[in-house]
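Asker: Take a look at this one; I'll ask things after.
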Amino acid sequence: MIRITNLNKGYKMSPTNTVEALKGVSLEIEDQEMMAFVGTSGSGKSTLLNILGGLDREYQGTVSVDGKDIKDYNPNVYRRKKVGTIFQQFHLLGPLTVEENVLLPIRFGKQYSWKEAKDRTDYLLGKVGLLDRKHHRPNQLSGGQMQRVAIARALISQPEIILADEPTGNLDTKTGTEIMELLGSFNQEENVSVLLVTHDQDLAKTVPRRVYVQDGKLTENL
Amino acid sequence: MIGYAFSLVWRRKLRTILTSLGITISVILLSLIIFGMQDLQRLVSNAFQEQFNPNEIFVSNSAGINAILSNGDEQEDSEEQEVSLINDTVVQEIQTLAGVSGVSAIKTITGFEAQIEGQTRAIPSSIGSAWNVEVDDPYFTDFWGSVGSQEGGQIVVSTRIAEAYDIRPEALLGEVFLLRPARSGFGAGPNRSSLEKEYQFEIVGVADPGRDRNDFILPLSVGIELLADFGEFESSQELIDELGYDVLRVQANEDSVAEVRSAIEDQYNFGAVFTADDILAFFDQILGAFTLVLILFGVVSAVVASIGIMNTMVMSIYEQTKEIGIIKSMGASRGQILIIFLIQSGVIGLFGGVTGLLVVLGGMYFGDPFIVTALMENGFDVESFFTFDLSIVSVIIGLSILVGIIAGLYPALKAASLNPVDALRSD
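In order, the protein sequences belong to chains A and B. If you're matching positions, the first sequence starts at 1 in my numbering and goes up one per residue. If you're matching positions, the second sequence starts at 223 in my numbering and goes up one per residue.
Written as structure tokens, this is what we have:
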């Protein structure tokens, strides 16, 4: 379970001007839940995702995962094992093959034997339909295929939470829908929570739970 | 992670090669200094050990030798006190010193031109010595014929004369050797009538003097007689009493060298008193200074190379900022990013070091025969000049990697401390 309590985050623009990105946000997210943070640009949704992903640790309030404050986790271990992150721009490493990109998080912390890691890579690439492309480089793939690789990479370490920042933002509607279906299936099959950020209301409607972010505050639409 | 670091190096292979060239140049410089100077020092040392008796003390009033072997302070001191003349009395006194087993005097003969009778041209400004030569003298690396009689009329010439006339050394035996006052040096000679003088000798021996400059050697009494006649002295004795000998070779007992030297220095004020060790130390000093200058060049080029590596690595960080953000979001720690960047800079150092060493080893392999030939032509008895030393090679490669790592340290720390959110937002 993820529990966010009275979360505040400000960006100091000058000694006298601080922009409050998050204002006293509180929220509880159950295990294996799939939900969307919906909001316009600058509403604070990406800031929230960065904090949940352990990338931003400068905030006030508490964010706990499985009853433990995320500040008490080793930040690298937390990013590697607790969460998997998917970006709008895919962020695959160009010189590496599809397989090497998926294996990247394993290179920074030996969670499995190399054979187990390769087996899991094959399993995930099979699930996203790209096993036959594992020796290709990202520039040989379409946008939808690159995002599938990014999903496989986010899942390689068997994380508890998938954080997806505008995962369909660079894709056409059909491919975006396929990606959402894929995330939905992993949510069920891998028992992983999926928290995504989007500005797309239609996309958000395909997600069971939606939380609207506006001016750094949350409004839940049940 | 290591594989990932190497993939980054491979991705920028052209830049890696170009950046490593700085290290290559400094490795070439430093390796040549280390290999070359070490071998030169060994060669000089061996040559001295072969040709100079360690128990021999040289006493000299030759201005040239004094200038080389004395330092400024000693010269100032010697100006205050009159220089002791090396005459027969002094020779006898030194002979009686405790620990002295023998003394031989040498008089330098200059101001003459030499010619083999029948040859059309003379050798101007010949240099000779008057001393009681022996066939097995360690100064000679080779000897043909005999030393002849001490009575006069016979001479030992050096292989330099054979080379000057392009004649085999043994073919000179029996030829007539003429010495005449050097025309080119007129003004140093006593008067016009001296120009008419000519001295004839039969060549009975030919010596290879190694690195010595002598063109001919006369028995001491004959040489002094020649100089006395040429200088129009009443007798040989008068010449020695007035001018003295130039050099004394004092043979000391093995364990008395220091005592004998000290006694000579205490009793007399000669221009220079030295042993083979002093000459060797002097050459070591010259080689040391030369090496130091070359090392300085090498170090400067290494510093320039390391700045090049640093620049390349800083540029890499700007290019890889987003990538650093990505791998940080995947769980890469500061230490791991530090290592990734240090591996990159270390590989640049390694590549530069190995390339430089291959160039040097290739140069050593192909250049050695030419250097050996040149040294042998100059009287050195060597089979090879460069010596390959695996431990030095290991140290050079280790240092190259170290320079790369040190140069990459600041950029690596900068990369490791990047904020992942900012890094991911970068273009």
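Glycine included, every Cβ here is placed at the ideal spot set by N, Cα and C. Computed from a prediction, not measured in an experiment: that's the story for all the values here.
Find the nearest neighbour of Ala204/A within the set Glu189/A, Gly216/A and Glu220/A, judged by alpha-carbon distance.
Answerer: Locating residue 204/A in the first sequence gives position 204, counting from the first residue. Nearest of Glu189/A, Gly216/A and Glu220/A to Ala204/A, Cα basis: Glu220/A.
Asker: The beta strand (DSSP E) spanning Lys12/A covers which residue range?
Answerer: Here residue 12/A refers to the residue found at position 12 of the first sequence. Looking at the DSSP string, the run of the beta strand (DSSP E) that includes Lys12/A is Ile2 to Ser14.
Asker: Identify whether Thr330/B lies in helix, strand or coil by the three-state DSSP scheme.
Answerer: Here the question's residue 330/B lines up with position 108 in the second sequence. DSSP places Thr330/B in strand when its eight states are reduced to three.
Asker: For Lys68/A, which three-state DSSP category applies?
Answerer: Position 68 of the first sequence holds residue 68/A. Lys68/A: strand per DSSP, three-state reduction.
Asker: For Glu296/B, I'd like the list of residues in its chain whose CB is within less than 7 Å of its CB, leaving aside the five on either flank, ordered along the chain.
Answerer: As a first step, residue 296/B is located in the second sequence; it is residue number 74 there, counting from the start. Any reading at Glu296/B must be qualified, since the residue scores a pLDDT of 49, below 50, and its modelled position is unreliable; no value is offered.
Asker: For Met1/A and Pro208/A, which I take to be in contact (beta-carbon distance under 8 Å), what is that distance rounded to the nearest angstrom?
Answerer: Here residue 1/A refers to the residue found at position 1 when the first sequence is read from its first residue. Here residue 208/A refers to the residue found at position 208 when the first sequence is read from its first residue. About 16 Å separates the two Cβ atoms, so there is no contact after all.
Asker: Interface residues of chain B around Gly53/A at Cβ under 8 Å?
Answerer: On the first sequence, position 53 is the one that residue 53/A refers to. What Gly53/A touches in chain B: Ser551.
Asker: Mind checking the stretch 62 to 79 of chain A against chain B and listing, in chain order, the residues whose C-beta falls within less than 9 Å of any C-beta there?
Answerer: For the stretch 62 to 79 of chain A, which is checked against every Cβ of chain B, the residues closer than 9 Å are Asn74, Pro75, Asn76, Val77, Tyr78 and Arg79.
Asker: Mind listing, in chain order, the continuous alpha helix (DSSP H) runs of no fewer than 4 residues lying wholly within the stretch 108 to 161 of chain A?
Answerer: Whole alpha helix (DSSP H) segments, 4+ residues: 114 to 127 and 143 to 155.
Asker: Where Leu597/B and Ala480/B are concerned, what is the direct C-alpha to C-alpha distance, given to the nearest angstrom?
Answerer: In the second sequence, the residue the question calls residue 597/B occupies position 375. In the second sequence, the residue the question calls residue 480/B occupies position 258. One C-alpha to the other measures close to 33 Å.
Asker: From the beta carbon of His91/A, is the nearest beta carbon of chain B less than 9 Å away?
Answerer: Your numbering for residue 91/A matches position 91 in the first sequence. Closer than 9 Å: yes.
Asker: Looking at the C-beta of Ser157/A, does it have a partner C-beta in chain B at a distance below 9 Å?
Answerer: Within the first sequence, numbered from 1, the residue matching residue 157/A stands at position 157. Yes, Ser157/A counts as interfacial toward chain B.
Asker: Ile462/B: which of Gly350/B, Ile628/B and Val312/B sits nearest, CA to CA?
Answerer: Along the second sequence, one-based indexing puts residue 462/B at 240. If we check each option's Cα against that of Ile462/B, Val312/B comes out closest.
Asker: Please decide whether Pro591/B counts as near chain A, where near means a Cβ-Cβ distance under 9 Å.
Answerer: On the second sequence, position 369 is the one that residue 591/B refers to. Closer than 9 Å: no.
Asker: Please identify, using Cβ separations under 8 Å, the residues of the stretch 102 to 118 of chain A that lie next to chain B, in order along the chain.
Answerer: So the list reads Leu104, Pro105, Arg107, Phe108 and Gly109, given in the order they occur along the chain.
Asker: Which of the three DSSP states, helix, strand or coil, is assigned to Val604/B?
Answerer: The residue labelled residue 604/B in the question sits at position 382 within the second sequence. In the structure shown, Val604/B sits in coil (DSSP, three-state: anything other than H, G, I, E or B).
Asker: Return yes when the Cβ of Thr609/B is within less than 9 Å of the Cβ of Thr246/B, no when it is not.
Answerer: Position 24 of the second sequence, counted from the first residue, corresponds to residue 246/B. Position 387 of the second sequence, counted from the first residue, corresponds to residue 609/B. Contact flag unset, no.
Asker: Roughly how many whole angstroms lie between the Cα atoms of Asn139/A and Ile570/B?
Answerer: For the purposes of this step, residue 139/A is identified with residue 139 of the first sequence, where counting begins at 1. For the purposes of this step, residue 570/B is identified with residue 348 of the second sequence, where counting begins at 1. Going by the C-alpha atoms only, they are around 28 Å apart.
Asker: As a quick exercise: from Ile151/A, Ile161/A, Pro159/A and Gln201/A, pick the residue whose alpha carbon is nearest that of Glu228/A.
Answerer: Any answer about residue 228/A is impossible in this case: the structure gives chain A only from 1 up to 222.
Asker: Would you mind working out which of Ser43/A, Met13/A, Glu99/A and Ala154/A sits nearest Arg137/A, comparing C-alpha positions?
Answerer: Locating residue 137/A in the first sequence gives position 137, where the first residue counts as 1. The shortest Cα separation from Arg137/A among Ser43/A, Met13/A, Glu99/A and Ala154/A belongs to Glu99/A.
Asker: Are the C-beta atoms of Val604/B and some chain A residue less than 9 Å apart?
Answerer: Within the second sequence, numbered from 1, the residue matching residue 604/B stands at position 382. No, Val604/B does not count as interfacial toward chain A.
Asker: Since Leu96/A meets chain B, which of its residues come closer than 7 Å, beta carbon to beta carbon?
Answerer: Taking the first sequence and counting its residues from 1, the one referred to as residue 96/A is at position 96. Residues of chain B passing the Cβ test: Ser229.
Asker: Can you tell me whether Asp295/B is helix, strand or coil according to DSSP?
Answerer: The residue given as residue 295/B occupies position 73 in the second sequence. In this prediction, Asp295/B has a pLDDT of 49, which is less than 50 and means its spatial position is unreliable; what the coordinates show is noted afterwards. Residue state, collapsed to three classes: helix.
Asker: By the criterion of Cβ-Cβ separation under 7 Å, what are the contact partners of Asn50/A in chain B?
Answerer: Position 50 of the first sequence holds residue 50/A. By Cβ distance, chain B contributes Val643.
Asker: When you compare each of Leu130/A, Leu103/A, Ser46/A and Gly94/A to Lys118/A by their alpha carbons, which one comes out closest?
Answerer: Looking up residue 118/A in the first sequence gives position 118. Of the candidates Leu130/A, Leu103/A, Ser46/A and Gly94/A, the one whose C-alpha sits nearest the C-alpha of Lys118/A is Leu103/A.
Asker: So Asp655/B and Thr330/B are in contact, right, with Cβ under 8 Å, and what is the actual spacing, rounded?
Answerer: This structure cannot speak to residue 655/B, because chain B is shown only from 223 to 649.
Asker: Are there 16 or more other CB atoms within 10 angstroms of the CB of Gly294/B, so buried, or fewer, so exposed?
Answerer: In the second sequence, counting from the first residue as 1, residue 294/B sits at position 72. Bear in mind that a pLDDT of 47 at Gly294/B, under 50, signals an unreliable position, so the number given afterwards is only what the model happens to contain. Exposed.
Asker: May I ask which residues mark the beginning and end of the alpha helix (DSSP H) holding Pro591/B?
Answerer: Along the second sequence, one-based indexing puts residue 591/B at 369. Here the alpha helix (DSSP H) through Pro591/B covers Arg556 to Glu599.
Asker: Taking 8 Å as the threshold, find out whether the stretch 6 to 14 of chain A comes into contact with the stretch 160 to 180 of chain A through three or more Cβ pairs.
Answerer: No, they do not touch.
Asker: What's the call for Glu545/B, buried or exposed, on a 16-neighbour Cβ count within 10 Å?
Answerer: Here residue 545/B refers to the residue found at position 323 of the second sequence. Glu545/B should be labelled buried.
Asker: Since Leu579/B and Ser253/B should fall inside the 8 Å C-beta cutoff, what is the C-beta to C-beta distance between them, to a whole number of angstroms?
Answerer: Here residue 579/B is taken as the residue at index 357 of the second sequence, counted from 1. Here residue 253/B is taken as the residue at index 31 of the second sequence, counted from 1. Between Ser253/B and Leu579/B the Cβ distance is about 6 Å, and since that is below 8 Å, they are a contact.
Asker: Is Asn641/B helix, strand or coil when you go by DSSP?
Answerer: Against the second sequence, residue 641/B aligns to sequence position 419. Coil.
Asker: Check the Cβ-Cβ distances between Arg223/A and every residue of chain B, and say whether any is below 9 Å.
Answerer: Because chain A here runs from 1 to 222, residue 223/A falls outside it and cannot be looked at.
Asker: Quick one: what does DSSP say Ile308/B is sitting in, helix, strand or coil?
Answerer: Against the second sequence, residue 308/B aligns to sequence position 86. Of the three classes helix, strand and coil, the one that applies to Ile308/B here is coil, per DSSP.
Asker: To which residues of the same chain is Ser300/B closer than 6 Å at the C-beta, ignoring the five residues directly before and after it?
Answerer: Here residue 300/B refers to the residue found at position 78 when the second sequence is read from its first residue. Low local confidence applies: a pLDDT of 48 at Ser300/B is under 50, so the model's placement there is unreliable, with the coordinate-based value given in what follows. Within the same chain, Ser300/B has no close Cβ partners at all.
Asker: Using a Cβ-Cβ cutoff of less than 8 Å, which residues in the same chain neighbour Gly367/B once the five nearest sequence positions on both sides are dropped?
Answerer: As a position in the second sequence, residue 367/B is number 145, starting the count at 1. Closer than 8 Å at Cβ, skipping near neighbours: Val378, Glu392, Leu395, Ile425, Val426, Gly427 and Val428.
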